[in-house]
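Accompanying notes for the structure given below.
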């Protein structure tokens, strides 16, 4: 039986909640929110501060269990309330966040993170261990994380940067952009969108980049050792450096870079496949980034 | 919902529909931009496939397969191995996933069991079985559609989310049609075989996501 040690309820008459609960290392923050927003920022305290604002009749309930702090909003008879949470939590605290019509933002976590929403964005900076970010109708972004990473959305883009560890990323209608990745295993695919990867190609690693409608662009680091398989039904292949084919079939060809110990699969049904030096790709990205900022400043 | 006519466009283009079916689909095409787009893509894919040189695969496996078929069995077989194609296995996995969705739907929404199922294709246009799993697959998708409709009616699943799921199912269906068409023109292509299998996996994954969205919307 789970012992409930502490329960705090704020009635609907008060439209805001601001409370702080002491937590112990090893505990998990478990928060579900039907609509609104969840913003979690790591801090150095061994405590969780929950600030919540909600417009509908309802209440926010915090339940402290031996292994988790549960946060949940309910209403008395009406529809689930829309709640905007601003939460400070210890960086060591594992996060299990879920919502339906909810945006989720995480900043500075150094622990496992699970964040799932249906209609909303998921943005996470930080995270260690198992990291799972999912949305249906919203972009998913992850930066500066380390561990086993699984990210997906359905109708938007996925962006990863500064991530190390095994990576799986998927979308259906959206682009996948992976920058500064350090991983031995990467598997990313979209159905209608482009794929861009710039990161390590580790010896013995396996990398798969696939789309149905869209281009695949791979930045190959210097001194990479990989056997590269390229497949396209209705597109072209372009490499900015010379390659020597080792095998060719109707829709696929292979070639080797260095000793060829890593395996790379590049696939697009309707699109082009572009091979670039990693430095080249980073340069293009920095240039685009710079132009984008200048354009924003002009406005 | 996923347009039931999409799967018939290939037959339409190949002149394999009856006069009645063709007339009905002509009328549908006049109103449906999605189907017109898929049909255009099909036409382009076929034109592209027909323009490709007809080369044998680098490693022709058929002689060895034929040799094995022709060779008499060394001894009576005590058991028979049943082999399935990748699409058949995927179809089975989709059916399992959707049966799970059905169970979930019945579990979490007992009050809505009486909800009408999603509109099916006209009776005269029942989809032909292209491979073993298609009929079950279509039935399972109808179940999922019912679950989506129920979620929308209950107000727990945003109508825009339902539209997004349906749109993306159509995106994947289009990709499947294109991959199947390409594979029909080049059945020996390992890439196309795997690509079709992968794309069907994407459909299964999306259906799972939709099921989970319904579940999370009800909790």
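Chains as they are written, first to last, in my numbering: chain A, 1258 to 1556; chain B, 21 to 239. Every residue, glycine too, gets a C-beta built ideally from N, C-alpha and C.
- What's the C-alpha gap between residue 1206 of chain A and residue 1391 of chain A? Nothing can be reported for residue 1206 of chain A: it is not among the residues displayed for chain A, which extend from 1258 to 1556.
- Query: Quick one, which of A:1498, A:1424, A:1434, A:1276 has its alpha-carbon nearest residue 1414 of chain A's?
  - Reply: Here residue 1414 of chain A corresponds to residue number 157 of the first chain, with the count starting at 1. Per the Cα distances, A:1434.
- Query: Of all the options A:1437, A:1384, A:1314, which has the alpha carbon lying nearest to the alpha carbon of residue 1365 of chain A?
  - Reply: Start at 1 with the first residue of the first chain, and residue 1365 of chain A comes out as number 108. For residue 1365 of chain A, the nearest C-alpha among the options comes from A:1384.
- Task: Measuring alpha carbon to alpha carbon, tell me which of A:1287, A:1532, A:1515, A:1318 ends up nearest residue 1472 of chain A.
- Result: Here residue 1472 of chain A corresponds to residue number 215 of the first chain, with the count starting at 1. The option with the nearest alpha carbon to residue 1472 of chain A is A:1532.
- Query: residue 1308 of chain A and residue 1343 of chain A: beta carbons closer than 8 Å?
  - Reply: By 1-based counting over the first chain, the position of residue 1308 of chain A is 51. By 1-based counting over the first chain, the position of residue 1343 of chain A is 86. Cβ distance < 8 Å, so residue 1308 of chain A and residue 1343 of chain A count as in contact.
- Identify every run of the beta strand (DSSP E) within the region 1394-1479 of chain A, keeping only runs that are complete inside it and at least 3 residues long; order them along the chain. 1397-1409, 1415-1421, 1424-1427, 1433-1438, 1442-1446, 1452-1456, 1463-1470, 1473-1477
- Message: On the DSSP bridge list, what partners appear for residue 1345 of chain A?
- Response: The residue labelled residue 1345 of chain A in the question sits at position 88 within the first chain. The partner list for residue 1345 of chain A (beta bridge, DSSP) reads A:1298, A:1306.
- alpha helix (DSSP H) containing residue 203 of chain B: first to last residue? One-based indexing of the second chain puts residue 203 of chain B at position 183. Taken as a continuous stretch (DSSP letters only), the alpha helix (DSSP H) holding residue 203 of chain B covers 179-205.
- Do the CB positions of residue 1376 of chain A and residue 1405 of chain A come within less than 8 Å of each other? Here residue 1376 of chain A refers to the residue found at position 119 when the first chain is read from its first residue. Here residue 1405 of chain A refers to the residue found at position 148 when the first chain is read from its first residue. No, the pair does not count as a contact, with Cβ atoms beyond the cut-off.
- Message: On the DSSP bridge list, what partners appear for residue 1388 of chain A?
- Response: Against the first chain, residue 1388 of chain A aligns to sequence position 131. In DSSP, residue 1388 of chain A forms a bridge with A:1370, A:1406.
- In angstroms, rounded to a whole number, what distance separates the CA positions of residue 1306 of chain A and residue 57 of chain B? As a position in the first chain, residue 1306 of chain A is number 49, starting the count at 1. As a position in the second chain, residue 57 of chain B is number 37, starting the count at 1. Looking at the two C-alpha atoms, the distance is approximately 52 Å.
- Who does residue 1504 of chain A pair with in a DSSP beta bridge? The residue labelled residue 1504 of chain A in the question sits at position 247 within the first chain. In the DSSP output, where bridge partners are listed per residue, residue 1504 of chain A has A:1511.
- Task: Compare the C-beta of residue 1393 of chain A with all C-beta atoms of chain B and state if any pair is closer than 8 Å.
- Result: Position 136 of the first chain, counted from the start, is the residue given in the question as residue 1393 of chain A. So, interface residue.
- residue 1429 of chain A touches chain B at which residues, Cβ-Cβ below 7 Å? Residue numbering aside, residue 1429 of chain A sits at position 172 when the first chain is read from its first letter. Near residue 1429 of chain A (Cβ distances below 7 Å), the residues of chain B are 188, 191, 192, 222, 226.
- Query: For residue 1522 of chain A, which residues does DSSP report across the bridge?
  - Reply: Numbered from 1 along the first chain, position 265 holds the residue referred to as residue 1522 of chain A. Looking at the DSSP assignment, residue 1522 of chain A forms a beta bridge with A:1465, A:1486.
- Query: What's the gap between the Cα of residue 1328 of chain A and the Cα of residue 44 of chain B?
  - Reply: Looking up residue 1328 of chain A in the first chain gives position 71. Looking up residue 44 of chain B in the second chain gives position 24. The alpha-carbon atoms of residue 1328 of chain A and residue 44 of chain B are separated by roughly 55 Å.
- Query: If you draw a straight line from the alpha carbon of residue 1440 of chain A to that of residue 37 of chain B, how long is it in whole angstroms?
  - Reply: If you number the first chain from 1, residue 1440 of chain A lands on position 183. If you number the second chain from 1, residue 37 of chain B lands on position 17. So the alpha carbons of these two residues sit roughly 51 Å apart.
- In or out: residue 222 of chain B buried (at least 16 other Cβ within 10 Å) or exposed? Numbered from 1 along the second chain, position 202 holds the residue referred to as residue 222 of chain B. Buried, because 16 or more other Cβ atoms sit within 10 Å of the Cβ of residue 222 of chain B.
- Query: Measuring CA to CA, which of A:1273, A:1286, A:1287, A:1285 is closest to residue 1338 of chain A?
  - Reply: The residue given as residue 1338 of chain A occupies position 81 in the first chain. Answer by Cα proximity: A:1273.
- Contact between the region 1443-1457 of chain A and the region 1484-1502 of chain A: three or more CB pairs below 8 Å? no
- Hey, out of A:1275, A:1469, A:1303, A:1410, whose CA is closest to residue 1340 of chain A's CA? Within the first chain, residue 1340 of chain A is the residue found at index 83, counting from 1. Minimum Cα distance to residue 1340 of chain A is reached at A:1275.
- Task: Determine, using beta carbons only, whether residue 78 of chain B comes closer than 8 Å to chain A.
- Result: Taking the second chain and counting its residues from 1, one reaches residue 78 of chain B at position 58. In this prediction, residue 78 of chain B has a pLDDT of 36, which is less than 50 and means its spatial position is unreliable; nothing more can be read from the coordinates.
- Task: Determine the closest residue to residue 1283 of chain A out of A:1315, A:1349, A:1333, with distance taken between C-alpha atoms.
- Result: Taking the first chain and counting its residues from 1, one reaches residue 1283 of chain A at position 26. Nearest option by C-alpha distance: A:1349.
- Item | Run of the beta strand (DSSP E) containing residue 1534 of chain A, from where it starts to where it stops | Stepping through the first chain from its first residue, residue 1534 of chain A is reached at position 277. Start and end: 1530-1534.
- Item | Integer Cβ distance of residue 1510 of chain A from residue 1502 of chain A, believed to fall under 8 Å | Against the first chain, residue 1510 of chain A aligns to sequence position 253. Against the first chain, residue 1502 of chain A aligns to sequence position 245. Contact holds; Cβ gap of about 5 Å.
- Do the region 1517-1526 of chain A and the region 1461-1477 of chain A touch if we need at least three Cβ pairs shorter than 8 Å? yes
- Item | Pick from A:1378, A:1367, A:1290, A:1411 that is closest to residue 1420 of chain A, judged by C-alpha positions | Within the first chain, the letter at position 163 stands for residue 1420 of chain A. It is A:1367 whose Cα lies nearest to the Cα of residue 1420 of chain A.
- Task: May I ask which residues mark the beginning and end of the alpha helix (DSSP H) holding residue 40 of chain B?
- Result: Translated into the one-based positions of the second chain, residue 40 of chain B becomes position 20. That run of the alpha helix (DSSP H) goes 39-51.
- Pair within 8 Å by beta-carbon distance, residue 1208 of chain A and residue 1323 of chain A: For residue 1208 of chain A there is no data in the structure shown, the boundaries of chain A being 1258 and 1556.
- Query: Within this structure, are the beta carbons of residue 1363 of chain A and residue 1374 of chain A separated by less than 8 Å?
  - Reply: On the first chain, residue 1363 of chain A is found 106 positions in, with the first residue counted as 1. On the first chain, residue 1374 of chain A is found 117 positions in, with the first residue counted as 1. Cβ distance not < 8 Å, so residue 1363 of chain A and residue 1374 of chain A don't count as in contact.
- Can you find a CB in chain A that lies within less than 8 Å of the CB of residue 231 of chain B? Residue numbering aside, residue 231 of chain B sits at position 211 when the second chain is read from its first letter. Under the Cβ criterion of 8 Å, residue 231 of chain B is not counted among the residues facing chain A.
- Nearest-angstrom Cα distance between residue 1534 of chain A and residue 1494 of chain A? Locating residue 1534 of chain A in the first chain gives position 277, where the first residue counts as 1. Locating residue 1494 of chain A in the first chain gives position 237, where the first residue counts as 1. Rounded to whole angstroms, residue 1534 of chain A to residue 1494 of chain A spans 15 Å at the Cα level.
- Message: Cβ closer than 9 Å: which chain B residues qualify as neighbours of residue 1318 of chain A?
- Response: Along the first chain, one-based indexing puts residue 1318 of chain A at 61. In chain order: nothing, as chain B lies at least about 15 Å away.
- Give the DSSP bridge partners of residue 1363 of chain A, in chain order. Here residue 1363 of chain A corresponds to residue number 106 of the first chain, with the count starting at 1. DSSP output for residue 1363 of chain A lists A:1297, A:1381 as bridge partner(s).
- Note the first and the last residue of the continuous alpha helix (DSSP H) segment covering residue 30 of chain B. Position 10 of the second chain, counted from the start, is the residue given in the question as residue 30 of chain B. Its alpha helix (DSSP H) spans residues 29-33.
- Count the other CB atoms within 10 Å of the CB of residue 60 of chain B; is the residue buried (16 or more) or exposed (fewer)? By 1-based counting over the second chain, the position of residue 60 of chain B is 40. Exposed, because fewer than 16 other Cβ atoms sit within 10 Å of the Cβ of residue 60 of chain B.
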